[in-house]
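In the working numbering, the protein residues as written are 99 to 860.
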């Protein structure tokens, strides 16, 4: 396996990172390169991180024997030494090494051991092909291990010469060192690799029914070597029992270890069984603290009693118009106290609300209304709140009819769709109540808090802002649209309103941090929650200078609309900020995650794969999209119930924390909004004069750029952009549209994004 050696011992996390580099080796100047990587060798989106974790990726099941130990003790040698007697002659190398021995099944030969090692490393790296170092009579070589094949197929593929893999080469003298090699006791090591140390950072030598792992402790950690040994032993047993078994089909775990890995992504927690819906909990605060501030927008303010009364009148009017359990009501209102009262009134009527941002293009609003099949639209040329409040219903408090329960839908929020059609995610009351129950005590949420509703009601972050506040008795400050776009004005609002709980995308918070540097007064924040897009934790180091950790807690939360806003939580302190942590923390109580490979199998801690989320937050599914719901909301074979296949790439760390590594598909987040680039492409391609489209993201300034190939006589790009702006929301409209004679392609016929020119000026 040909990998770059890194500083610091290899740990569970770093093992996965090294494994993704296992598809090829660079040749030194003048040497013949080995065969190039094959399709599937290099998964995209995994950024190397040499900072390892202190815990192992799991414990090996098989007994191991350290060099110099009494057989059967099973412990690795804690001591480090300058070599091992297996390597004779030559000058000792500076690397410190250690050994670990383990038993293998009868019948194990060099071919089987090579295949098993390749299968384990490929699973960690999420690749289909790795290269394992070895020695032949002719010299050093690498064995290409394609895990889609069998041992028979591996035997038919010759090793590839690697004459530059020689002892004594300094790290900067040529190509990366091979990190893993497999030998037999009679391999011609003396001839080609004279040294007192193993020829590779990890060298497995087969001697009868025992394998000795000689490893450089500056590259590999003892616990990870033991883990790899356990997995190799298990895979060997399966390959020797069935010669027709593909390497990729081997299971790394026995039943006990599988259960441990399945439980690593979140403890089983039974949250309180909810009774009633969201609206009933808010009504409880109206009874308990009727005069406490509930919601405000500028000088327009409602107490809990006033909010409850207004929502009751709206609910009664909605019922009189046929809205109740099993129906949906579109709410397309400007930011105001009436927006919050209308959402609460819909829930109180027993219906589910469909939030629609009135700033969206008319076409987007029309699509959402039609696709959701709402019974009634409030605002945006439907019935206005004033009309609902002017009604004189028989039940002005809205309490007489049947209402919604925990399992009834609370809302449907539309997210970007890869087919060009946004899809509605339907979420029941139970999930929102569980979200608040899982976070209330941990974050100390209560009536003393003042929150902001910073985000659009059509963005799922608003679900957390509105109901996280009102379900814990807090005061919700609705932020005016113009203030959202002005960091200095927003900073002033936070100070004047004495906001204590703030929810932000990292992009928005970066602007607030800049405004805070110039402000004369400090803010009274005690909790900042990040969500909506990846957080660069390093951006918080300056914030901690002004707001010590003891005064203001910073929490990074990973979440998905389909799993009710949040899934995990990671408190960021100064140390983690300085380290630039990628951890998004452990799952919330009642939530859990699995990291699976493309075949749907559990991956070991440290291995990267697709994040699947189960537990209390899993939504009902996609509205009117039964086939898509079946594809994304899957049965969980380990814990029962359902889990959501997120399309996000990540890995579980040995301590149960999750690292988020980006998207597997073409979906991105811009200022917290989830966007399928294919949706933008599709809208552009709907113009018959547009022949081809590429859409890219400039992560530096969170801007979209489109590249188009146009037919002769087509409208200019500026007009094309204006047409897109009439269809898509502002955050999905490319900042630039650049015409090209043709899109640059790779040899495989795929878009070569690296060859796209700089965007045209607007």
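Note that CB positions come from ideal geometry on N, CA and C, so glycine has one too.
Distance from the Cα of residue 216 is smallest, within the candidate group 454, 313 and 331, for 331. Where residue 711 is concerned, the enclosing beta strand (DSSP E) starts and stops at 707 to 713. Taking every protein chain shown into account, the CB of residue 513 has 16 or more other CB atoms within 10 angstroms, so this residue is buried. For residue 472, the closest C-alpha among the options 461, 386 and 451 is that of 451. Excluding sequence positions up to five before and after residue 577, its CB lies within less than 8 Å of the CB of 433, 550, 551, 552, 588 and 591, all in the same chain and listed in chain order. For residue 787, same chain residues with a beta-carbon under 7 Å away, outside a window of 5 residues either side, are 808, 809, 812 and 813 in chain order. Around the CB of residue 580, fewer than 16 other CB atoms lie within 10 Å, so the residue is classed as exposed. Shown here, residue 726 sits in a helix according to DSSP, grouped into three states. Scanning 766, 679 and 375 for the CA closest to the CA of residue 830 turns up 766. Exclusion of the five residues before and after residue 688 leaves 367, 369, 532, 536, 713 and 714 as the residues of its chain whose Cβ lies within less than 7 Å of its Cβ.
Per DSSP, the unbroken alpha helix (DSSP H) holding residue 376 starts and ends at 376 to 386. Note: residue 602 is bridge-paired with 628 in the DSSP secondary-structure output.
Segment contact: the region 386 to 404 against the region 463 to 470, fewer than three CB-CB distances shorter than 8 Å; contact not assigned.
Look at the beta carbons and you see the region 654 to 666 not touching the region 700 to 708: under three pairs across the two are nearer than 8 Å. Looking at 668, 633 and 675, the one whose alpha-carbon comes closest to that of residue 646 is 675.
Taking residue 626 as the centre and dropping the five residues before and after it, the same chain places the C-beta of 600 and 652 closer than 6 Å to its C-beta, in chain order. Residue 804 places its beta carbon 8 Å or farther from that of residue 795. Residue 200 carries a strand assignment under DSSP once its states are collapsed to helix, strand and coil.
A straight-line Cα-Cα distance of about 6 Å links residue 684 and residue 754.
Ranking 507, 453 and 372 by CA distance to the CA of residue 422 puts 507 first.
Residue 721 holds the alpha-carbon nearest to the alpha-carbon of residue 467 among 439, 823, 721 and 781. When the alpha-carbon of residue 315 is set against those of 633, 234, 198 and 443, the nearest one is in 198. Annotation: the continuous beta strand (DSSP E) that includes residue 278 extends over 278 to 282.
Among the bridge pairs identified by DSSP, residue 689 is matched with 713. Using a 10 angstroms sphere on the CB of residue 244, the tally of other CB atoms reaches 16 or more, which defines it as buried. Under the three-state reduction of DSSP output, residue 647 falls in the coil class, being neither helix nor strand. Exposed is the label assigned to residue 420, since fewer than 16 other Cβ atoms lie within 10 Å of its Cβ. When 826, 440 and 540 are compared, the shortest CA-CA separation from residue 412 is found for 440. The three-state secondary structure of residue 560, taken from DSSP, is helix. Put simply, the backbone Cα of residue 520 is about 23 Å away from that of residue 797. Within its own chain, the residues whose Cβ lies closer than 6 Å to the Cβ of residue 815, once the five positions on either side in sequence are excluded, are 835 and 837, listed in chain order.
Residues 553, 557, 559, 603, 605, 606, 629, 630 and 631 of the same chain have their beta carbon placed closer than 8 Å to that of residue 770, with the five preceding and five following residues left out of the count.
According to the DSSP assignment, residue 322 belongs to the alpha helix (DSSP H) that extends over 320 to 339.
For residue 450, the enclosing beta strand (DSSP E) stretches over residues 450 to 453. Counting only the Cα atoms, residue 328 lies some 54 Å from residue 378. Here residue 668 is buried: its Cβ has 16 or more other Cβ atoms, across all protein chains shown, within 10 Å.
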